[in-house]
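Peer 1: Line order of the protein sequences matches chains A and Z.
The opening position of the first sequence corresponds to residue 1073 in my numbering, with each subsequent residue numbered one higher.
The opening position of the second sequence corresponds to residue 7 in my numbering, with each subsequent residue numbered one higher.
Here it is, the structure in full.
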Amino acid sequence: MNDVKDLLELALSDVPGPAGRADPAADLARGHRLLRRRRLAGLAGLTAAVLCGVLVPLALQGSAPSHHPAPATAGVEPPAAEPLTVGPDSRA
Amino acid sequence: MPRSSRDEEFSAFVQTRRTGLVRSACLLTAGDTHLAEDLVQTALARLYVAWPKVRRAGTESAYVWRIVVNAHIDEVRRPSRRRERHVPELPEAAAPPEPFPDGLAGGEVRAALAALPPGMRAAVVLRHWLDLSVGETAELMNCSEGTVKSQTAKASARLRDLLSHAAVERTHP
Chain A
1073 MNDVKDLLEL ALSDVPGPAG RADPAADLAR GHRLLRRRRL AGLAGLTAAV
1123 LCGVLVPLAL QGSAPSHHPA PATAGVEPPA AEPLTVGPDS RA
Chain Z
7 MPRSSRDEEF SAFVQTRRTG LVRSACLLTA GDTHLAEDLV QTALARLYVA
57 WPKVRRAGTE SAYVWRIVVN AHIDEVRRPS RRRERHVPEL PEAAAPPEPF
107 PDGLAGGEVR AALAALPPGM RAAVVLRHWL DLSVGETAEL MNCSEGTVKS
157 QTAKASARLR DLLSHAAVER THP
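Structure representation (structure tokens):
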């Protein structure tokens, strides 16, 4: 185990390290940018979903063929059947 | 602009860890410092986005390493950026583990590391350089513990073979 670690240490021995102390400002700026992009993408996705939810039913409703018979509306009763009054017995 | 506590905490993390992260990422990239820097930049930007959740869980380092390892594997697999160096013929794995040859140069070790597939390299770096357990490495690499064990063992054996080969070539050119 240890010898592999020594080997890895050796691999880094002549690799130039980053100069000076790490400056987090650039990483912070990149983080801000990525966060803003993610939020914008989320907002765009939400907007698209809402628009789809509203516009698609509207478009479907608007493109429905007009020659279809209208569905029966509630509250309209069929004409009542006339009483049978024909025949000589019925007059009595 | 006033800095939020998220910015403060993230900056403190970057300040203390960044240099070590780039150095360790250099092992993954087999000495390619530019790629190592790119990987760490990507990982840190994504860490910032996930900071509140990751910070609460206390898994900042593991999160960064997961991104670095996966980004590196993706990068190496991308055909346009294939950077693996091929050796003419890989010798068979030696049965008993022998010590690594003496007098190796850093460049030889990096070349041997570069000849390993990225998954093997990641397993070696996580286990031997970062001293992570088999379980932690498996979780980070999103694979089974058995895979980590076999990858690490194969990588060590292959490194040993490649370096022995390099040492022989150096002494008998």
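Positions of the beta carbon are idealized from the N, C-alpha and C atoms, including for glycine.
Since the structure is predicted, the reported quantities are computational estimates derived from the model, not experimental observations.
Does any residue of chain A have a CB that is nearer than 8 Å to the CB of Ser-25(Z)?
Peer 2: Your numbering for residue 25(Z) matches position 19 in the second sequence. In the sequence as displayed, the identity of residue 25(Z) is Thr instead of Ser. By this cut-off, Thr-25(Z) is an interface position.
Peer 1: Would you say Trp-71(Z) lies against chain A (beta-carbon separation less than 8 Å)?
Peer 2: Reading the second sequence from its first residue, position 65 is the one you call residue 71(Z). No, no contact with chain A.
Peer 1: Enumerated in chain order, which unbroken segments of the beta strand (DSSP E) with a length of 3 residues or greater are wholly contained in the segment 115–139 of chain Z?
Peer 2: You should have found no qualifying run.
Peer 1: Is the shortest distance between the beta-carbon of Ala-1083(A) and the beta-carbons of chain Z less than 8 Å?
Peer 2: Working through the first sequence from its first residue, we reach residue 1083(A) at position 11. So yes, Ala-1083(A) belongs to the interface.
Peer 1: Should Thr-143(Z) be labelled buried (16 or more other beta-carbon atoms within 10 Å of its own) or exposed?
Peer 2: Translated into positions along the second sequence, residue 143(Z) becomes position 137. So Thr-143(Z) counts as buried.
Peer 1: Within the 8 Å Cβ cut-off, does Leu-168(Z) reach chain A?
Peer 2: Numbered from 1 along the second sequence, position 162 holds the residue referred to as residue 168(Z). No - not a single Cβ of chain A is within 8 Å of the one on Leu-168(Z).
Peer 1: Near Ala-101(Z), what residues of its chain come up, given a Cβ to Cβ distance below 7 Å and the 5 sequence neighbours on each side ignored?
Peer 2: Along the second sequence, one-based indexing puts residue 101(Z) at 95. Residue confidence is low: Ala-101(Z) scores 49 on pLDDT, short of 50, so the model does not pin down where it sits. Its coordinate-derived value is still stated next. The answer is none, since no qualifying residue turns up.
Peer 1: Please report how far the alpha carbon of Leu-1115(A) lies from the alpha carbon of Ser-1135(A), in whole angstroms.
Peer 2: Residue 1115(A) sits at position 43 when you count from the first residue of the first sequence. Residue 1135(A) sits at position 63 when you count from the first residue of the first sequence. Roughly 29 Å separates the two Cα atoms.
Peer 1: Would you tell me roughly how many angstroms separate the C-alpha atoms of Arg-9(Z) and Leu-50(Z), rounded to the nearest one?
Peer 2: Along the second sequence, one-based indexing puts residue 9(Z) at 3. Along the second sequence, one-based indexing puts residue 50(Z) at 44. Distance between the alpha carbons of Arg-9(Z) and Leu-50(Z) is about 18 Å.
Peer 1: Given that His-134(Z) touches chain A, what residues does it touch there, using C-beta distances under 7 Å?
Peer 2: Locating residue 134(Z) in the second sequence gives position 128, where the first residue counts as 1. Here the neighbours are Met-1073, Val-1076, Lys-1077, Leu-1080.
Peer 1: Please check if any C-beta of chain Z sits within less than 8 Å of the C-beta of Gly-1089(A).
Peer 2: Here residue 1089(A) refers to the residue found at position 17 when the first sequence is read from its first residue. With 8 Å as the cut-off, Gly-1089(A) counts as an interface residue toward chain Z.
Peer 1: At a Cβ cut of 7 Å, what residues of the segment 142–162 of chain Z count as close to chain A, listed as they run along the chain?
Peer 2: From the segment 142–162 of chain Z, only Ser-162 have a Cβ closer than 7 Å to chain A.
Peer 1: CA-CA distance, Pro-97(Z) and Phe-106(Z)?
Peer 2: Position 91 of the second sequence, counted from the start, is the residue given in the question as residue 97(Z). Position 100 of the second sequence, counted from the start, is the residue given in the question as residue 106(Z). Unreliable positioning characterises Pro-97(Z) in this predicted model, as indicated by a pLDDT of 48, which lies under 50. A coordinate reading is not provided.
Peer 1: Could you check how far apart the C-beta atoms of Trp-71(Z) and Leu-169(Z) are, in whole angstroms? I think they sit under 8 Å.
Peer 2: Reading the second sequence from its first residue, position 65 is the one you call residue 71(Z). Reading the second sequence from its first residue, position 163 is the one you call residue 169(Z). In fact, because the Cβ distance is near 26 Å, the residues do not count as touching under 8 Å.
Peer 1: Whose Cβ in chain A lies nearer than 7 Å to the Cβ of Gly-109(Z)?
Peer 2: Locating residue 109(Z) in the second sequence gives position 103, counting from the first residue. Here the premise fails: no neighbours, minimum Cβ distance about 11 Å.
Peer 1: Compare the C-alpha of Leu-3(Z) against each of Ser-1085(A), His-1104(A), Leu-1100(A) and name the closest.
Peer 2: This structure leaves residue 3(Z) out entirely; chain Z is present only between 7 and 179.
Peer 1: Going along chain A in order, which residues have a C-beta closer than 8 Å to the C-beta of Asp-44(Z)?
Peer 2: Numbered from 1 along the second sequence, position 38 holds the residue referred to as residue 44(Z). The premise fails here: Asp-44(Z) is roughly 11 Å from chain A at the closest Cβ pair, so nothing lies under 8 Å.
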